[in-house]
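Chemist:
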């Protein structure tokens, strides 16, 4: 736990099969005008929309709607959402959906009364939000698991004209006031989306793990979370309605990216930068962009952080050290991870996501370079990692 | 993650060598009258008292003092603290010390304006504190690590006349508003106190681990925290000023008992009930009362939770399973734990804490019986466990 840091996470979580029953109480302290934000309409098919509307009505709220949030919310959609929030004089934004819907709700929260272009201010210039910024409070009813957006200040927005997909983390006051986490709400998700979310969680954990050389409690906690995730992912892939497995995955997702495990340690995030660049050029599913680039990236940086990759191999994948060099142990860990990824059904290359060789230069150009990992990449190195991911 | 639960932990943590520099800002939103609560005066010797006073004065606060909080704060001292808090018209209680001082500050917080006998209301009848209860907000500057009191609503008070030491957990509004965690503030602590605190942390983790039969993410997280604790404890015992080890231990202590790992799972707490009964009869150091009774308790309940004890042996102590029965594996785990405890220098029997055979019936009588463990104990069983702990 090196360095100085503060930790504060004010989001209140309501977890379990009866969690939605707390929505009325959770909203009690806020004003009457609620902007209900959701995605493509699956919540209308699975009945969650009706349940939420019924609770809002019986709580005496005026409901305004902003549907059609896309999997990679765009800067144009953000502008539209700000208009709707202002027109509704929204006192509260209720996001019902997955990470994209929660991310979008937080972006609207800080942008609705912003006197500048929100894309430029918050995503290009990455300006902070402080206690004086006028925001609209947000709450979440989660229907898809992975991003951790339900308990953090993060938001990822895509600008197609600029071919950029950028994430920014807002301050404590933008964290959702509450999140309703009912594992059963994730049952109807197609398997492709479920395992994509599982890999998003895995990547959050690994990108915070593969960084830093200190001996840090967070690394041990991450190993614990990885063990639980790997175990429950296997059960959920076989039986998507196994409540225990789905509930563990939901809980891990929240804790993988609510700032806890990042405190007092370095973090990397280059896999997310690579994946988000692929996403900006293809609109592919977020978690699959991460799975498709991860192993070429990790195999490339392995020599720069070999001891940590060897620790990962032994502590997470149970690789037997006897008679092997540190390099061999480290490589066997990534081989074990690759087998697990293939068995789970993850996308293992960016070709499958619509990338071809002609696009690589452009994707490399829009990949942000992070400095927390074991190797700070050059544009050439990024190009080569993307090429190895084809 | 079975069952329905809520999670909310509003305490803001300032961590690191410069953490005290945030005290002024942390107090800014509260009134001028600060009741400074501390223990036997070690903070006057190591300079922390002077630093805190200087910050309070330069922040324009009126400082009132309530020193002399004993290691096991008594119901009489609590009554005195309530008087002082009322006389000072305290707007805020700043606890500077270890878990006892933080516990005591929270007890004063809820009791100062209580219209009943606080001991009867909160510790005997264990009544809840709700949002309407008039409380005095609390903040902590931690100088001793172990109890986790800096980020939870718990408070343990001893009534010597009744020979009872009882802990109660208050609601969210009683959680400290902030905690200042500077690992260097714990350097001057005698080794006996340091390792006592380490075992208190270990016990918090184990009492939440050895309960329940579900497959729960918390069990994996606890295993991670145990690995880090065991690793850092060894380093700190050799070199008490190893910042990395002491900072990891401080961080683990907070997360071991801030409600996170208890969510969605059963917990036991019988070791704390046994230890607190020993404490009520001897005034012995808290962590040592736990270490002295743990192994006789765990060896007694092992057959009722054998699979979990075997998992513990393998995942935490690296016991090799090959060719052994589950029972043998489980027992070897406790043997490995015993060796680690002895090497660390923990007290391994209650005789050393001042207990003799004549006292056992009385201690057994004042031991509360918990129902979350693998075996709900009878008074005879408690007596036998205490006898095996002599």
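Chains as they are written, first to last, in the numbering used here: chain Z, 1 to 390; chain P, 1001 to 1390. Every residue, glycine too, gets a C-beta built ideally from N, C-alpha and C. Remember, it's a predicted structure, so these values are computed and weren't measured experimentally.
If you measure from the beta carbon of residue 1038/P to each beta carbon in chain Z, is any gap under 7 angstroms?
Modeler: With 7 angstroms as the cut-off, residue 1038/P does not count as an interface residue toward chain Z.
Chemist: With respect to 6 angstroms, is the separation between the Cβ of residue 1123/P and the closest non-hydrogen atom of the ligand FMN below this value?
Modeler: Absent from the structure shown: the ligand FMN. Ligands present: none.
Chemist: What three-state label does DSSP hand residue 1156/P in the structure shown?
Modeler: Of the three classes helix, strand and coil, the one that applies to residue 1156/P here is strand, per DSSP.
Chemist: How about residue 351/Z and residue 390/Z: are their beta carbons less than 7 angstroms apart?
Modeler: In contact: residue 351/Z and residue 390/Z (Cβ atoms closer than 7 angstroms).
Chemist: Taking 7 angstroms as the limit between beta carbons, can you name the residues of its chain near residue 338/Z, skipping five residues before and five after?
Modeler: So the qualifying residues of the chain are 295.
Chemist: So, helix, strand or coil for residue 1135/P, using DSSP?
Modeler: Coil at residue 1135/P, not helix or strand.
Chemist: Does DSSP put residue 1094/P in a helix, a strand or coil?
Modeler: Strand.
Chemist: Within the same chain, show all residues whose beta-carbon is closer than 6 angstroms to that of residue 374/Z, passing over the 5 residues directly before and after it, in chain order.
Modeler: Answer for residue 374/Z: 301, 304 and 305, listed in chain order.
Chemist: Could you pull the DSSP bridge partners for residue 65/Z from this structure?
Modeler: DSSP, once it has assigned bridges, lists 36/Z as partnering residue 65/Z.
Chemist: Please work out which residues of its chain come closer than 6 angstroms, Cβ to Cβ, to residue 310/Z, disregarding the five sequence neighbours upstream and downstream, and give them in chain order.
Modeler: So the list reads 326, 329 and 330, once near-sequence residues are dropped.
Chemist: From this set, 222/Z, 224/Z and 39/Z, which residue's C-alpha is nearest residue 141/Z's C-alpha?
Modeler: Of 222/Z, 224/Z and 39/Z, the residue nearest in Cα terms is 39/Z.
Chemist: List the endpoints of the continuous alpha helix (DSSP H) containing residue 280/Z.
Modeler: Start and end: 270 to 282.
Chemist: Just grab the DSSP bridge partners of residue 1169/P for me.
Modeler: According to DSSP, which records beta bridges pairwise, residue 1169/P is partnered with 1154/P.
Chemist: What residue from 1231/P, 1217/P, 1232/P and 1226/P has the CA that sits closest to residue 228/Z's CA?
Modeler: Checking every option, the nearest Cα to that of residue 228/Z belongs to 1217/P.
Chemist: Provide the residue span of the alpha helix (DSSP H) that contains residue 296/Z, from first to last.
Modeler: Note, residue 296/Z: alpha helix (DSSP H), 286 to 301.
Chemist: Write down the C-beta distance between residue 289/Z and residue 353/Z rounded to the nearest angstrom, noting that I regard them as a contact closer than 8 angstroms.
Modeler: At roughly 6 angstroms, the Cβ-Cβ gap stays under 8 angstroms, so residue 289/Z and residue 353/Z are in contact.
Chemist: Given a threshold of 16 other Cβ atoms within 10 Å of its Cβ, counted over all protein chains shown, does residue 444/Z qualify as buried or as exposed?
Modeler: Limits of chain Z in this structure are 1 at one end and 390 at the other, which puts residue 444/Z out of reach.
Chemist: Which residues in chain Z sit within 9 angstroms of residue 1239/P, going by Cβ to Cβ distance?
Modeler: Near residue 1239/P there are no residues of chain Z at all, since even the closest Cβ is about 13 angstroms away, more than 9 angstroms.
Chemist: List the residues of chain B that residue 1228/P touches, going by C-beta distances under 7 angstroms, in chain order.
Modeler: Absent here is chain B; the protein component of the structure consists of chains Z and P.
Chemist: Of all the options 1124/P, 1343/P, 1299/P and 1192/P, which has the alpha carbon lying nearest to the alpha carbon of residue 1144/P?
Modeler: Out of 1124/P, 1343/P, 1299/P and 1192/P, 1192/P has the C-alpha closest to the C-alpha of residue 1144/P.
Chemist: Identify every run of the beta strand (DSSP E) within the region 180 to 246 of chain Z, keeping only runs that are complete inside it and at least 3 residues long; order them along the chain.
Modeler: Listed in chain order, nothing qualifies, since the region 180 to 246 of chain Z has no complete beta strand (DSSP E) run of 3 or more residues.
Chemist: For a contact defined as C-beta to C-beta under 8 angstroms, what are the partners of residue 1019/P on chain Z?
Modeler: Those within 8 angstroms of residue 1019/P in chain Z are 4.
Chemist: Rounded to the nearest angstrom, how far is the Cβ of residue 205/Z from that of residue 181/Z, given a contact under 8 angstroms?
Modeler: No, residue 205/Z and residue 181/Z are not in contact; Cβ-Cβ is about 18 angstroms, not under 8 angstroms.
Chemist: How big is the Cα-Cα spacing for residue 1264/P and residue 1171/P?
Modeler: Going by the C-alpha atoms only, they are around 18 angstroms apart.
Chemist: So, does the region 24 to 39 of chain Z touch the region 83 to 99 of chain Z, judging by three or more C-beta pairs under 8 angstroms?
Modeler: Enough Cβ pairs lie closer than 8 angstroms, so yes.
Chemist: For chain Z, find out if any of its Cβ atoms is closer than 7 angstroms to the Cβ of residue 1177/P; answer yes or no.
Modeler: Answer no: the Cβ-Cβ gap between residue 1177/P and chain Z never drops below 7 angstroms.
Chemist: Taking one C-beta from the region 45 to 57 of chain Z and one from the region 1041 to 1054 of chain P each time, how about it: are there three or more such pairs within less than 8 angstroms?
Modeler: Verdict: no, contact absent.
Chemist: Using the Cα positions of residue 370/Z and residue 1376/P, report the straight-line distance between them to the nearest angstrom.
Modeler: Computed Cα separation, rounded: 53 angstroms.
Chemist: Is it the case that the Cβ atoms of residue 211/Z and residue 128/Z are separated by a distance below 7 angstroms?
Modeler: No; because the gap between Cβ atoms is not below 7 angstroms, this pair is not in contact.
Chemist: Less than 7 angstroms between CB atoms is the rule here; does residue 1008/P satisfy it with respect to chain Z?
Modeler: So yes, residue 1008/P belongs to the interface.
Chemist: In angstroms, rounded to a whole number, what distance separates the CA positions of residue 1358/P and residue 1158/P?
Modeler: About 21 angstroms.
Chemist: Given a threshold of 16 other Cβ atoms within 10 Å of its Cβ, counted over all protein chains shown, does residue 200/Z qualify as buried or as exposed?
Modeler: With 16 or more other Cβ atoms within 10 Å, it is buried.
Chemist: I want to see whether chain Z comes within less than 7 angstroms of residue 1013/P, judged by CB atoms only; does it?
Modeler: Yes, residue 1013/P counts as interfacial toward chain Z.
Chemist: Give the residues from the region 1072 to 1103 of chain P that approach chain Z closer than 7 angstroms (Cβ to any Cβ), ordered along the chain.
Modeler: The region 1072 to 1103 of chain P vs chain Z, Cβ under 7 angstroms: nothing.
Chemist: Where do the N-terminal and C-terminal ends of the beta strand (DSSP E) with residue 13/Z fall, by residue?
Modeler: Run containing residue 13/Z: 5 to 15, per the beta strand (DSSP E) assignment.
Chemist: Pull up the CB-CB distance for residue 1093/P and residue 1136/P, whole angstroms please, since I reckon it's below 8 angstroms.
Modeler: Yes, residue 1093/P and residue 1136/P are in contact; Cβ-Cβ is about 5 angstroms, under 8 angstroms.
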